[in-house]
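Peer 1: In UniProt numbering, the protein residues as written are 1 to 143.
1) With a CB to CB cut of under 7 Å and the five nearest residues on each side skipped, what residues in its chain are close to residue 42?
2) Quick check: what's the CA-CA separation for residue 103 versus residue 70?
3) Taking 8 Å as the cut-off, decide whether the C-beta atoms of residue 168 and residue 49 are in contact.
4) Over the uninterrupted alpha helix (DSSP H) stretch that includes residue 44, give me the two end residues.
5) Have a look at 84, 20, 111 and flag the residue whose alpha-carbon is nearest the alpha-carbon of residue 46.
6) So, is residue 116 buried or exposed, given that buried needs 16 or more other C-beta atoms within 10 angstroms?
7) Measure the C-alpha to C-alpha separation of residue 96 and residue 107 and round it to an integer number of angstroms.
8) How long is the line joining the alpha carbons of residue 75 and residue 8, rounded to whole angstroms?
9) Please list, in chain order, all residues of the same chain as residue 10 whose beta carbon is under 6 Å from its beta carbon, the five residues on each side excluded.
Listed below in structure tokens is the structure:
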């Protein structure tokens, strides 16, 4: 890939049940020029994920507790759904949730960010999209 990526073309699904945190992160992501779909109500998350065809989002940025609740129901759903499993999942967590983060990484999350989230961390999440494209092209080349 040549040159920097156009962040305005990167689509982020933001999932955090703390509405204040969600709004703060949403503001930073929008300031970084990302396209953002925010979801802050737990019942909506599963519905939103079921309605994606896989081409509407490039990155899932989600609260670790939400992904790992109910025996990792949402994380497992993402990893076992064909149109979602190749989308990088980045978990948002607090320091005290490190065991939950480790479990999420074992289940397939691409990365995690510790709260409070800094502008520089969010401005660079597009790199996960580039990595996904590189991996996908390598997989196609081996077919």
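By construction, the Cβ of each residue, glycine as well, lies at the ideal position given by its N, Cα and C atoms. Since we're looking at a predicted model, the values are computed, not measured.
Peer 2: Quick look at the numbers:
1) Residue mapping note: residue 42 aligns to position 42 of the chain shown, counting from 1. The residues are 17, 66.
2) As a first step, residue 103 must be located in the chain shown, where it is residue number 103. As a first step, residue 70 must be located in the chain shown, where it is residue number 70. Going from the Cα of residue 103 to the Cα of residue 70 covers about 13 Å.
3) This structure cannot settle anything about residue 168, because the visible part of the chain is limited to 1 through 143.
4) The residue labelled residue 44 in the question sits at position 44 within the chain shown. Unbroken alpha helix (DSSP H) run through residue 44: 42-50.
5) Position 46 of the chain shown, counting from 1, holds the residue named residue 46. When each option's Cα is compared against that of residue 46, the closest is 84.
6) In the chain shown, counting from the first residue as 1, residue 116 sits at position 116. Residue 116 should be labelled exposed.
7) Within the chain shown, residue 96 is the residue found at index 96, counting from 1. Within the chain shown, residue 107 is the residue found at index 107, counting from 1. About 19 Å.
8) What you label residue 75 is simply residue 75 of the chain shown in a count that begins at 1. What you label residue 8 is simply residue 8 of the chain shown in a count that begins at 1. If I take the Cα positions, the gap works out to 26 Å.
9) Translated into the one-based positions of the chain shown, residue 10 becomes position 10. Cβ neighbours of residue 10 beyond the five flanking positions: 34, 58, 126, 129.
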